[in-house]
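Protein chains: 2
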Amino acid sequence: MNTVALAPGRAVAAATAAAREWAEAAPTARARALETVADALEAERTELVALADAETHLGTPRLNGELTRTTFQLRLFAEQVRAGEFLDVRIDRADPQWPTGPRPELRRYRTALGPVLVFAASNFPFAFSVAGGDTASAWAAGCPVVVKAHPGHPELSRRTAEIIHKAMAQAGAPDGVFGLIEGQQAGVDALRHPALRAAAFTGSERGGIALARIAADRPVPIPFYGELGSVNPVVVTRAAARARGPEIAQGYVGSLTLGAGQFCTNPGLLFVPADGDLVDEVVRLLREVPAAPMLGPWISEAYADGARRLAEQSGTRVLVWPDDEAAAGPRLLAMDLASFAAGIETAAKECFGPLGLVVTYERPEDLADVVAALPGQLTASLHGEPREAAELAGLTAALAERSGRVLWNEWPTGVSVTHAMQHGGPFPATTAPTTTSVGTAAVERFLRPVAYQSWPQSLLPPPLRDDNPWGVPQRVRG
Amino acid sequence: MNTVALAPGRAVAAATAAAREWAEAAPTARARALETVADALEAERTELVALADAETHLGTPRLNGELTRTTFQLRLFAEQVRAGEFLDVRIDRADPQWPTGPRPELRRYRTALGPVLVFAASNFPFAFSVAGGDTASAWAAGCPVVVKAHPGHPELSRRTAEIIHKAMAQAGAPDGVFGLIEGQQAGVDALRHPALRAAAFTGSERGGIALARIAADRPVPIPFYGELGSVNPVVVTRAAARARGPEIAQGYVGSLTLGAGQFCTNPGLLFVPADGDLVDEVVRLLREVPAAPMLGPWISEAYADGARRLAEQSGTRVLVWPDDEAAAGPRLLAMDLASFAAGIETAAKECFGPLGLVVTYERPEDLADVVAALPGQLTASLHGEPREAAELAGLTAALAERSGRVLWNEWPTGVSVTHAMQHGGPFPATTAPTTTSVGTAAVERFLRPVAYQSWPQSLLPPPLRDDNPWGVPQRVRG
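If you read the sequences in order, they're chains R and E. Under UniProt numbering, the first sequence has 308 at position 308, and the numbering climbs by one with no breaks. Under UniProt numbering, the second sequence has 451 at position 451, and the numbering climbs by one with no breaks.
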């Protein structure tokens, strides 16, 4: 037993006790708290990266980059808190001439939803874990956060939690603004806690669907923001394959095997013309990639199982396969477009790891319908030549209809944290297609609008007052 | 059988076929279609209001006002479509110096979610029915709409549908942009249709929860925006009761009995000081209000049943009750704060109709905890005196935490359609606390973000292009 993790009931109760103070904190105070956490994590960088590497085998360079991303993310959300735009302040002055009858004075903003439960992911021990994007965006919204640690990196989770507790105390934040819980049952218990207001999750389709059902079946259902499965289709046009075959093959193999294929945005599905030698080149390059250690045996076993199931599906040919059936190394399978379309329900299911399925097409005009039949995706990529643009409008629309982000001649792994990033998509990519879990818009998931009608100035929340003490943007009408 | 309503499968299929064309329509075309529908409804005003009155008994003045609100709403959303702000266009230019590594060019906007199913309400045969707020906001977002007609006003629903079909055709909108379906099973079948992307509902808690479960349990779950039950608490301070007792009593009785109490925002719960004669005045005035016809026997029977159940609850006193047990007339019950708190689960349940529950308190400092224990509300009102403001901060926070709109010295019935309106709230007021179903922000429920990474200009959706042919606001960074 450790001394950092709390019982789920205690963690949610502490979050509830802290909710109002944290929601009402001035932007400068809340922003400073996020920055204090970022500083504290940076100060322990060497220790944290070593802990993370020991538990996840992701390697020091990648983990250093991921920690940089994590602290950058905290600071970017701190900036958003100071700017106050996400409060979406709208002020309608009273208008006796309003066409539907006298309009009262209305002042609306978005305030914190309340205590949020975050289920940490295994594959990003910093950026989607204890102090990751879900936590940072919920804090920015003014919500206390309870994190259910991922069992894949328990010591790192506890150490991160200690650092957060100390930094938050130092910044003067209320005690319950953060709490760590451990174990599957604790996660379910917290999700069922009546005082919880929302939950966020990054992980497997099966786990996410089970938790989403629990959230929906509560006596008081709550929003559940789950980021689940995605195979991230990549379409290569015949012209692109001819013009840049080797370059595309190299890019694909790099993206497919990055981090042992353990990315939500891993490009598991590659549509290529049946003629030409692009596939041969992919095979050649992929055979050169050694097996990398995966996050843990529960991942590598599920990967080997999933790959075997797909290899046994009707119409599948094996192109790259390790001598050792149980090895975690890259695998490549192929089928033609008709076989894929016939078995799309299983063929388009995510298999977490470096498994690529090549789908060969004869007629590019058949692609849009197959893409339209795909389950929802986080990303969809198109490799084409500029001169083809006019012919690709239908395919572009189909790719955008099925995914949250479309990429032209680039690879989906490596999700930049920016204002215009979208990391979401139709189910099962996420359970909430109107939202994102990466980028500054992620904060919107944890905000709830409230309107004050004819309310006295002295009792209004600061962002709604005429004297605007926080200096936030106000849209005034009338 | 009538010739307007479609089978659910056919309606959703037609909506699906129309989805892309409608989503990609230029703002001017989509706005003009909404305005054409508004014009067409206005042109048939006399006939529509007469039909509505025959089926709902709501009276010609109210129904004329409601139709005005409905066409105003369509035009307000048309204005929003032209303005293009809700597209939330964000453009991040490529930035090789971005702290987490080179940032690609990203262009993000919000596009239509796809076919939407709207369950019409009984109590607003125009404003929350076939061409009501849910329909108008989904159309504005670019979503085709299938409306499940409410059986309380079938002829009006069909006539409205005919007018919409004709107006949409005249405006050049694709055929499936609107479809009417009838019957409970048709509604459920449409909700389960795989091509459906979201549903909106205004109605009872029981019906809404059942439909929300169906939406969540689909193989592909979809967002369900339900506006369900609310008792809309009103707190009167001792100082206000003393200063303006008769005025408050009159305001309360007027709001409670407006439209035979058939409003989502009907103030069913009145907290008043135990001393003083405010309650006597409410009783006196309420006895003078005659029974008004309700929407139908299914409503008046549920109302009489609900009122009887509450009257039998421990601690309840009957203050106003009709001689005829089955009559639809106003009823007033009372209990003290302790009894209310002890039985809050049943005492705070919505009973649709002109039923008031007066809760008497001795110590104002006990109120905030009871308010905090209330289920989620659409509105919460506070009647106080300006000099009390300093003492009311805690109560204000509790009221705002439990509701979507708080009102100072005003009454909750009469929801203005404006930019800053919020018509929503924590469950069971709604199933989606981050959203509103009235006001211009209602359109956000039907939008889904998509980011285009390094995508060629000629293949970008118009609002994301550098030449910005639609002239929408673009937030460009870098």
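Beta carbons: idealized from backbone N, C-alpha and C, even for Gly. Note that the coordinates shown come from a computational prediction; the quantities given were computed from them, not determined experimentally.
Quiz item: Any idea what DSSP makes of E:Asp-134, helix, strand or coil?
Solution: Three-state result, E:Asp-134: helix.
Quiz item: Should E:Met-335 be flagged as near chain R, meaning a C-beta pair shorter than 8 Å?
Solution: No, because no Cβ of chain R sits closer than 8 Å to the Cβ of E:Met-335.
Self-check item: Any alpha helix (DSSP H) of 4 or more consecutive residues that is wholly inside the stretch 176–238 of chain E
Solution: Secondary structure remark: continuous alpha helix (DSSP H) runs of at least 4 residues inside the stretch 176–238 of chain E, in chain order: 184–192, 205–217.
Quiz item: What are the uninterrupted segments assigned as alpha helix (DSSP H) that are 4 or more residues long and contained completely in the stretch 261–313 of chain E, given in chain order?
Solution: Fully enclosed alpha helix (DSSP H) runs of 4 or longer: 278–287, 297–311.
Practice problem: May I have the straight-line CA-CA distance separating E:Ala-138 from R:Ser-255, to the nearest angstrom? | Solution: 38 Å
Quiz item: What three-state label does DSSP hand R:Thr-323 in the structure shown?
Solution: Looking at the sequence shown, residue 323 of chain R is not Thr but Asp. Of the three classes helix, strand and coil, the one that applies to R:Asp-323 here is coil, per DSSP.
Practice problem: Anything in the stretch 382–405 of chain E with a Cβ closer than 8 Å to a Cβ of chain R? List those residues in chain order, please. | Solution: Pro-386, Ala-389, Ala-390, Leu-392, Ala-393, Thr-396, Ala-397, Ala-400, Glu-401, Ser-403, Gly-404, Arg-405
Exercise. Would you list, in chain order, the members of the stretch 411–427 of chain E that have their beta-carbon closer than 9 Å to a beta-carbon of chain R?
Key: Pro-412, Gly-414, Ser-416, Val-417, Thr-418, His-419, Ala-420, Met-421, Gln-422, His-423, Gly-424, Gly-425, Pro-426, Phe-427
Quiz prompt | Cutoff 8 Å; reference E:Arg-45; Cβ partners in own chain excluding five residues on either side | solution = The answer, listed in chain order, is Asn-64, Leu-67.
Exercise. Please classify R:Met-335: does DSSP put it in a helix, a strand, or coil?
Key: The answer is strand: DSSP assigns R:Met-335 an E or B state.
Quiz item: Less than 8 Å separating the beta-carbons of R:Gly-114 and R:Cys-143?
Solution: Yes, Cβ-Cβ distance for R:Gly-114 and R:Cys-143 is below 8 Å.
Quiz item: Within 10 angstroms of its Cβ, does R:Pro-219 collect 16 or more other Cβ (buried), or is it exposed?
Solution: exposed
Exercise. Examine the Cβ distances between the stretch 384–397 of chain E and the stretch 295–303 of chain E and report whether three or more of them are shorter than 8 Å.
Key: Cβ pair count under 8 Å is below three, so no.
Quiz item: Taking the Cβ atom as the reference point for each residue, do E:Ala-451 and R:Arg-405 lie within a distance shorter than 8 Å?
Solution: yes
Exercise. Give a yes or no on whether the C-beta atoms belonging to R:Thr-436 and R:Ala-442 are separated by under 8 Å.
Key: yes
Quiz item: By the criterion of Cβ-Cβ separation under 8 Å, what are the contact partners of E:Val-450 in chain R?
Solution: The contacting residues are Ala-400, Ser-403, Gly-404, Arg-405, Val-406, Gln-422.
Quiz item: Taking 8 Å as the CB-CB cut-off, is E:Ser-458 touching chain R?
Solution: yes
Exercise. Closer than 7 Å, Cβ to Cβ, to anything on chain R: give me those residues from the stretch 214–225 of chain E, in chain order.
Key: Ala-216, Val-220, Pro-221, Pro-223
Practice problem: Run through the stretch 48–135 of chain E for me and flag every whole beta strand (DSSP E) of 3 or more residues, listed as ranges in chain order. | Solution: 89–92, 106–112, 116–119
Quiz item: Taking 8 Å as the CB-CB limit, is E:Ala-212 close to chain R?
Solution: yes
Quiz item: Under 7 Å from any heavy atom of the ligand ATP, does the C-beta of R:Leu-211 make it?
Solution: As presented, the structure is devoid of all ligands, the ligand ATP included, so that no description of it is given.
Quiz item: Using the rule of at least 16 other Cβ atoms within 10 Å of the residue's Cβ for burial, across every protein chain shown, is R:Pro-8 buried or exposed?
Solution: Under the 10 Å beta carbon count, R:Pro-8 is surrounded by 16 or more other beta carbons and is classified as buried.
Exercise. Return the Cβ separation of R:Glu-401 and R:Ala-372 in integer angstroms, given the expectation that the two are a contact with Cβ distance under 8 Å.
Key: Contact holds; Cβ gap of about 7 Å.
Self-check item: Buried/exposed call for R:Thr-70, threshold 16 Cβ in 10 Å
Solution: buried
Quiz prompt | Proximity test, Cβ basis, 8 Å: E:Ala-141 and chain R | solution = Judged by the 8 Å Cβ criterion, E:Ala-141 is not in contact with chain R.
Quiz item: So E:Arg-82 packs on E:Leu-464, CB below 8 Å; how close in whole Å?
Solution: No, E:Arg-82 and E:Leu-464 are not in contact; Cβ-Cβ is about 18 Å, not under 8 Å.
Practice problem: Kindly say whether E:Thr-434, judged by its beta-carbon, lies nearer than 8 Å to any beta-carbon of chain R. | Solution: yes
Quiz item: Which word fits R:Leu-172, buried or exposed, when buried means at least 16 other C-beta atoms lie within 10 angstroms of its C-beta?
Solution: Sequence check: residue 172 of chain R is Gly here, not Leu. R:Gly-172 should be labelled exposed.
Quiz prompt | Supposed contact pair E:Tyr-303 and E:Ala-328 - C-beta distance, whole angstroms, cut 8 Å | solution = 6 Å
Exercise. Could you tell me the distance, in whole angstroms, from the CA atom of R:Gly-414 to the CA atom of R:Leu-285?
Key: 21 Å
Quiz item: In three-state DSSP terms, what is R:Ala-241?
Solution: helix
Self-check item: Secondary structure, beta strand (DSSP E): runs of 3+ residues fully inside the stretch 429–458 of chain R
Solution: 447–453
Exercise. State yes or no: is the beta carbon of R:Trp-22 nearer than 8 Å to at least one beta carbon in chain E?
Key: Output row for R:Trp-22: interface = no.
Quiz item: Is DSSP giving E:Thr-379 helix, strand or coil here?
Solution: E:Thr-379: strand per DSSP, three-state reduction.
Practice problem: Consider the Cβ of R:Ser-437: report whether some Cβ of chain E lies at a distance smaller than 8 Å. | Solution: So no, R:Ser-437 is outside the interface.
Quiz item: Does the distance from the C-beta atom of R:Pro-462 to that of R:Pro-469 stay below 8 Å?
Solution: Yes, the Cβ-Cβ distance between R:Pro-462 and R:Pro-469 is below 8 Å.
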